[in-house]
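Trainee: Dropping a structure here in structure tokens format, bear with me for questions.
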Amino acid sequence: MQPVEQRDEVEMLSLMLLIRRFEERASQQYQAQKIGGFCHLYIGQEAVVTGAVAAVRDDDYIITAYRDHAHALARGTSANACMAELFGKETGCSRGLGGSMHFFDKQHHMYGGHAIVAAHVPLAVGLAFAIKYRSEDRVTLCFFGDGAINQGSFHEALNLAALYELPIVFICENNLFAMGTSVKRSTSLKQIVDRAEGYDIPGEIVDGMNFREVRDKVAEVVDSIRKEPHPAFLEARTYRYRGHSMSDPASYRTKDELEKYRLDDPITRLRAQLTREGKLTNEQFDRLDKQAKETVLAAVEFAEQSPQPPLDKLYDYTYADGAVEAGVPAASESRKAGSPANLQESAAGTAAATEKKA
Ligand SMILES: Cc1ncc(C[n+]2csc(CCOP(=O)(O)OP(=O)(O)O)c2C)c(N)n1
Ligand SMILES: [Mg+2]
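Last residue of the sequence shown: 357 in numbering that gives the first Met the number 0, with the numbers rising by one and none dropped.
Pasting the structure below:
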């Protein structure tokens, strides 16, 4: 990708289209039972990650929660590798072992894909700590939902980031709901951004449906962090058009509310801005959309044709190298372990290893 200043807005619009079409197709493939496990769609929120990624360098770190397809695509992970991961295939970005919630792409500095709400926020702080420790001028972008801000790990992480003045931007994607719970019912604050104040972290609200506003604000904050490392907090106000996951009919909100946000669609908005300014024609837009759809269809074909991970890889990456010496059964041993008794033994081994370390 190009450096920030030259990153073309038409290119970013086509990235938003790719994300939108990818997820629409993923939804269809999920319903056709080609995709197992959970699947959370990002449709409606595209301007947040696209705007943020447009404002950073390729070697900056990003990390997010389980609504992660868009974050990987925005970072440059191919649609093929993303779709194959959804299909649980060996060619997927997590070798088919992670699935929808655990996209990972070290090459593009995308550090997940994390299913436990707010559990990745301390990891993000670890990434930012590594940057400072190595005296680099990178920045970590940590995305999370409104549901994360009341978790203990979130508070611990913000405290450390502030105390150590770490180069990190906390980006809360406030889509108004955590599963079916409205943020008004879960959070005592008038506005989420006020969370940052308690830790003396500068915070601002951005319109998460507006690509340009997100990009410009992230660029401004990142520029200041590169000059002098410090944490910053952005509350991006956005909306997910679909339910929490594929199995959620989203009956806790009204059609009118959904319609209001659809009228403010981030893709339509950037398209209108570019068209007004004479930078995009309708024919060009249609071509970009067609390309996005073709890329995604090719990704489905790629995922279909790709092999399953071999069975003997099932337990790989479960334990760190060296865990066996510490008392955890070897992958090859645990592979043999089918019975509950053996599984109990494994658990005992893990407990023994933990005890030894403590
Ligand atoms: C620690 C923990 N508690 C509960 C859950 C179940 N859970 C999964 S998603 C979710 C809602 C999170 O909402 P939010 O952070 O706003 O993200 P969004 O889904 O809106 O993107 C919950 C409670 C979980 N995964 N982890
Ligand atoms: Mg939410």
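From the three backbone atoms N, C-alpha and C, an ideal C-beta is built for every residue, glycine too. Predicted model only: the values in this text are computed from it and were never measured.
#1: Could you round the C-beta distance between residue 98 and residue 87 to whole angstroms and report it? I think they count as a contact, below 8 Å.
#2: Does residue 104 come out as helix, strand or coil in the three-state DSSP assignment?
#3: Just the Cα atoms here: how many angstroms apart are residue 228 and residue 134?
#4: Give the single residue among 79, 156, 126 whose Cα lies nearest to the Cα of residue 117.
#5: Just the C-alpha distance for residue 208 and residue 43, rounded to the nearest angstrom, thanks.
#6: Answer with buried or exposed for residue 317, where buried requires no fewer than 16 other C-beta atoms within 10 angstroms of its C-beta.
#7: Looking at the unbroken beta strand (DSSP E) that takes in residue 17, where does it start and where does it end?
#8: If contact is defined by three or more beta carbon pairs under 8 Å, each pair taking one atom from either stretch, is the segment 43-55 in contact with the segment 11-19?
#9: Under a criterion of Cβ closer than 5 Å to any non-hydrogen atom of ligand 1, which residues qualify, in chain order?
#10: In or out: residue 271 buried (at least 16 other Cβ within 10 Å) or exposed?
#11: Could you tell me which uninterrupted alpha helix (DSSP H) segments, each at least 4 residues in length, are contained entirely in the segment 150-213, listed from first to last along the chain?
#12: Kindly list the residues whose CB is nearer than 6 Å to the CB of residue 359, restricted to its own chain and excluding five residues on each side of it in sequence; keep chain order.
#13: Beta-carbon within less than 7 Å of residue 181's beta-carbon, same chain only, minus the 5 sequence neighbours each way: which residues are those?
#14: Taking DSSP's pairing of strands, which residues face residue 236 in a bridge?
#15: Going along the chain, which residues of its own chain have a beta-carbon closer than 8 Å to the beta-carbon of residue 202, five neighbours each way excluded?
#16: For residue 287, is the classification buried or exposed, using 16 other Cβ atoms within 10 angstroms of its Cβ as the cut-off for buried?
#17: With a Cβ-Cβ cutoff of 7 Å, do residue 172 and residue 144 count as a contact?
#18: Output needed for residue 102: all residues of its chain with C-beta closer than 8 Å, excluding positions within five of it in sequence on either side, in chain order.
#19: By the 10 Å Cβ neighbour count, where 16 or more other Cβ atoms means buried, how is residue 305 classified, buried or exposed?
#20: Scan the segment 33-89 and note each continuous beta strand (DSSP E) run of 3 residues or more that stays entirely inside, going in chain order.
#21: So, with DSSP's three-state summary, where would you put residue 140?
#22: Could you tell me the alpha carbon to alpha carbon distance between residue 324 and residue 293, rounded to whole angstroms?
#23: Quick one: Cα of residue 336 to Cα of residue 95, how far?
#24: Should residue 132 be labelled buried (16 or more other beta-carbon atoms within 10 Å of its own) or exposed?
#25: Which same chain residues, not among the five before or five after residue 297, have their C-beta less than 8 Å away from its C-beta?
#26: If I measure Cβ to Cβ from residue 22 and keep anything under 8 Å in the same chain, skipping five residues before and after, which residues do I get?
Mentor: Result, derived from the coordinates:
#1: Locating residue 98 in the sequence shown gives position 99, where the first residue counts as 1. Locating residue 87 in the sequence shown gives position 88, where the first residue counts as 1. Contact between residue 98 and residue 87 holds: CB atoms are separated by about 6 Å, below the 8 Å threshold.
#2: Sequence index remark: in the sequence shown, residue 104 carries index 105 (1-based). Here residue 104 sits in strand by DSSP.
#3: Taking the sequence shown and counting its residues from 1, one reaches residue 228 at position 229. Taking the sequence shown and counting its residues from 1, one reaches residue 134 at position 135. In a straight line, the C-alpha of residue 228 is about 10 Å away from that of residue 134.
#4: Here the question's residue 117 lines up with position 118 in the sequence shown. Out of 79, 156, 126, 156 has the C-alpha closest to the C-alpha of residue 117.
#5: Counting from one through the sequence shown, the residue named residue 208 turns up at place 209. Counting from one through the sequence shown, the residue named residue 43 turns up at place 44. The straight-line gap from Cα to Cα measures roughly 8 Å.
#6: Position 318 of the sequence shown, counted from the first residue, corresponds to residue 317. Exposed: under 16 other Cβ atoms inside 10 Å.
#7: Against the sequence shown, residue 17 aligns to sequence position 18. Annotation: residue 17 is outside any beta strand (DSSP E); the continuous alpha helix (DSSP H) that includes it extends over 8-30.
#8: Under the Cβ criterion (8 Å, minimum of three pairs), the segment 11-19 counts as touching the segment 43-55.
#9: What you get when you keep residues with a C-beta closer than 5 Å to any heavy atom of ligand 1 is 66, 115, 116, 144, 145, 146, 147, 174, 177, 178.
#10: Start at 1 with the first residue of the sequence shown, and residue 271 comes out as number 272. Looking at its Cβ environment, which holds fewer than 16 other Cβ atoms inside 10 Å, residue 271 is exposed.
#11: Listed in chain order, the complete alpha helix (DSSP H) runs (minimum 4 residues) inside the segment 150-213 are 151-162, 182-185, 193-196.
#12: Because the chain in this structure spans residues 0 to 357, residue 359 falls outside the shown range and cannot be described.
#13: For this step, residue 181 is matched to residue 182 along the sequence shown. Within the same chain, 175 come within 7 Å of residue 181 by CB-CB distance, once the 5 residues on both sides are set aside.
#14: The residue you call residue 236 lines up with position 237 of the sequence shown. 173, 206, per the DSSP bridge assignment.
#15: Here residue 202 refers to the residue found at position 203 of the sequence shown. The beta carbon of residue 202 lies closer than 8 Å to those of 192, 193, 194, 195, 196, 231, 232, 233, 234 in the same chain, with the five residues before and after it left out.
#16: Sequence index remark: in the sequence shown, residue 287 carries index 288 (1-based). Under this definition residue 287 is a buried residue.
#17: Position 173 of the sequence shown holds residue 172. Position 145 of the sequence shown holds residue 144. Yes; because the gap between Cβ atoms is below 7 Å, this pair is in contact.
#18: Taking the sequence shown and counting its residues from 1, one reaches residue 102 at position 103. Cβ within range, chain order: 67, 68, 70, 71, 76, 81, 84, 92, 93, 109, 111, 112.
#19: Taking the sequence shown and counting its residues from 1, the one referred to as residue 305 is at position 306. Looking at its Cβ environment, which holds 16 or more other Cβ atoms inside 10 Å, residue 305 is buried.
#20: With a minimum length of 3 residues, the unbroken runs of beta strand (DSSP E) contained wholly in the segment 33-89 fall at 60-62.
#21: As a first step, residue 140 must be located in the sequence shown, where it is residue number 141. Residue 140 falls in the strand class under three-state DSSP.
#22: As a position in the sequence shown, residue 324 is number 325, starting the count at 1. As a position in the sequence shown, residue 293 is number 294, starting the count at 1. Each residue's Cα considered, the two are about 49 Å apart.
#23: In the sequence shown, counting from the first residue as 1, residue 336 sits at position 337. In the sequence shown, counting from the first residue as 1, residue 95 sits at position 96. Here residue 336 scores only 46 on pLDDT, less than 50, and its place in the model should not be relied on; the value that follows carries that caveat. In a straight line, the C-alpha of residue 336 is about 22 Å away from that of residue 95.
#24: Within the sequence shown, residue 132 is the residue found at index 133, counting from 1. Exposed, because fewer than 16 other Cβ atoms sit within 10 Å of the Cβ of residue 132.
#25: The residue given as residue 297 occupies position 298 in the sequence shown. Result list for residue 297: 78, 79, in chain order.
#26: Looking up residue 22 in the sequence shown gives position 23. Excluding the 5 residues flanking it on each side, residue 22 has same chain C-beta neighbours closer than 8 Å at 40, 41, 42, 68, 69, in chain order.
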